[in-house]
Amino acid sequence: MLTRFLGTVLSLLPAVSAFAMQPPAPQNEFIPIDKLPPADQLPSAPLLVAAYAFVWIAVMFYLWTIWRRLNKVEAEMRTLEQRSAAGRR
Amino acid sequence: MKRAFGPLSFLAAVMFAYAPIMIARAPYESTMGLVQKIFYFHVPSWFAMFTAVFVCGIQSAIFLFKRRPSADRLAFAAGEIAVLFGFMGLVTGPLWGRKSWGVWWQWDARLTMALLVQMTFIGYLIVRKYGGPGSDKLAAAMAIFGMFNVPFVYMSVNIWRTIHPPTTVIPKLPAEMGGPFWFCVAAFMLLCVLLLTLRAQLEHRRAALDALYLEQE
Numbered sequence: 001m002l003t004r005f006l007g008t009v010l011s012l013l014p015a016v017s018a019f020a021m022q023p024p025a026p027q028n029e030f031i032p033i034d035k036l037p038p039a040d041q042l043p044s045a046p047l048l049v050a051a052y053a054f055v056w057i058a059v060m061f062y063l064w065t066i067w068r069r070l071n072k073v074e075a076e077m078r079t080l081e082q083r084s085a086a087g088r089r
Numbered sequence: 090m091k092r093a094f095g096p097l098s099f100l101a102a103v104m105f106a107y108a109p110i111m112i113a114r115a116p117y118e119s120t121m122g123l124v125q126k127i128f129y130f131h132v133p134s135w136f137a138m139f140t141a142v143f144v145c146g147i148q149s150a151i152f153l154f155k156r157r158p159s160a161d162r163l164a165f166a167a168g169e170i171a172v173l174f175g176f177m178g179l180v181t182g183p184l185w186g187r188k189s190w191g192v193w194w195q196w197d198a199r200l201t202m203a204l205l206v207q208m209t210f211i212g213y214l215i216v217r218k219y220g221g222p223g224s225d226k227l228a229a230a231m232a233i234f235g236m237f238n239v240p241f242v243y244m245s246v247n248i249w250r251t252i253h254p255p256t257t258v259i260p261k262l263p264a265e266m267g268g269p270f271w272f273c274v275a276a277f278m279l280l281c282v283l284l285l286t287l288r289a290q291l292e293h294r295r296a297a298l299d300a301l302y303l304e305q306e
């Protein structure tokens, strides 16, 4: 019984491996990219532009914040210096 | 540095203006195509982030062990620059991954560890801003902890199985891709140094303002 079972399994093995090595099913129709569902249409250009734009905007925004903070500190220093000069007089 | 700041800023602006031209001329990668060109800004932004992290960590150690306030000011400036470049990496990465991996984010070793380092430095800035008296020492310890995470982030792609490309990609870049890449790295490093100088200047002026207030009391 066991021998017959093993014989069947062993004879089926090449068939299984042959089935597993089958090439993928051929593409039987060409679908234009704009006919794909929206989730599958993903052009690269907007992603690339978004990445570069983010870097540029982040740098510009950060430079603006530093400039604003520096101006605030300088203005405060000027006020303090004027006050101390007035106090000395 | 004060005298060189203007010409170096001009050079950085020229490099950033020319970088897209070099990137556009670089060949398309065979499997990812156009979207792979995000690489030319994505990787240099991490290089700049790691540089800022090392500056922050080393200056924090100097502040902790030698009690030098100027080191603390430079560390604070570098912490902010690290977060800025970290955000660039964390935004450009998912934009690239969405097209090439099909997902915006993957909780794998590299991405998760990079996010952890970024969160450590956001935490560092929050502690510095809202921690109250004595928070500078706690923040310095956080910066040192964050700095020691960086080698693990870098090596994570080689140690663990992840979908992120390994570090071996960069040394193997062909010349026509390597040229624009190293040009962008130079531009980002220059930008990092310039921003760090400018931000440190703000911290020095703040310290001078505090001294003025103390003088008046």
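From first to last, the protein sequence lines stand for chains Y and G. Quick note, the first sequence lines up with residues 1 to 89 if you use this note's numbering. Quick note, the second sequence lines up with residues 90 to 306 if you use this note's numbering. Where is the CB? At the ideal position from N, CA and C, for every residue including glycine.
For a Cβ distance threshold of 9 Å, nothing in chain Y lies close to residue 137 of chain G: the least Cβ distance comes to about 11 Å. Pairing residue 103 of chain G with residue 245 of chain G, the inter-Cα distance amounts to about 35 Å. The alpha-carbon of residue 46 of chain Y is positioned some 10 Å away from that of residue 123 of chain G. DSSP, read as helix, strand or coil, puts residue 118 of chain G in strand. The straight-line gap separating the alpha-carbon atoms of residue 59 of chain Y and residue 135 of chain G is approximately 14 Å. Under a criterion of Cβ atoms nearer than 9 Å, the residues of chain G adjacent to residue 77 of chain Y are, in order, 294, 297, 298 and 301. One finds nothing in chain Y with a Cβ atom closer than 8 Å to the Cβ of residue 140 of chain G; even the nearest lies about 16 Å away.
Residue 221 of chain G carries a coil assignment under DSSP once its states are collapsed to helix, strand and coil. The residue from G/205, G/304, G/253 and G/152 with its alpha-carbon nearest to that of residue 230 of chain G is G/152. By a beta-carbon distance limit of 8 Å, residue 51 of chain Y contacts residue 130 of chain G. Their separation comes to about 6 Å.
A Cβ-Cβ distance of about 18 Å is found for the pair residue 292 of chain G and residue 150 of chain G, leaving them out of contact under the 8 Å criterion. Within the segment 36-79 of chain Y, no beta strand (DSSP E) run of at least 3 residues lies entirely inside it. Close CB contacts of residue 279 of chain G within its chain, under the 6 Å cut and outside five residues either way in sequence, are with 101 (chain order). Classified as exposed, residue 154 of chain G has fewer than 16 neighbouring CB atoms from the shown chains inside 10 Å of its CB. For residue 291 of chain G, the uninterrupted alpha helix (DSSP H) run begins and ends at 264-305, by DSSP. Contacts with chain Y (Cβ-Cβ distance below 8 Å) from the segment 175-199 of chain G involve 176, 177, 180, 181, 184, 185, 187 and 188, listed in chain order. Beta-carbon to beta-carbon, residue 294 of chain G and residue 70 of chain Y are separated by about 7 Å, close enough to satisfy the 8 Å threshold. Spanning the alpha carbons of residue 66 of chain Y and residue 250 of chain G requires a straight line of approximately 41 Å. Annotation for residue 183 of chain G: the continuous alpha helix (DSSP H) segment containing it runs 158-189. Relative to the Cα of residue 140 of chain G, the nearest Cα in the group G/128, G/108 and G/173 belongs to G/173.
Residue 134 of chain G has a beta carbon lying within less than 9 Å of a beta carbon in chain Y. Pairing residue 285 of chain G with residue 163 of chain G gives a Cβ-Cβ distance under 9 Å. Its chain contains 279, 282 and 283 as the residues whose beta carbon lies nearer than 8 Å to that of residue 97 of chain G, once the 5 sequence neighbours on both sides are disregarded; these appear in chain order. Scanning G/257, G/205 and G/184 for the CA closest to the CA of residue 237 of chain G turns up G/205.
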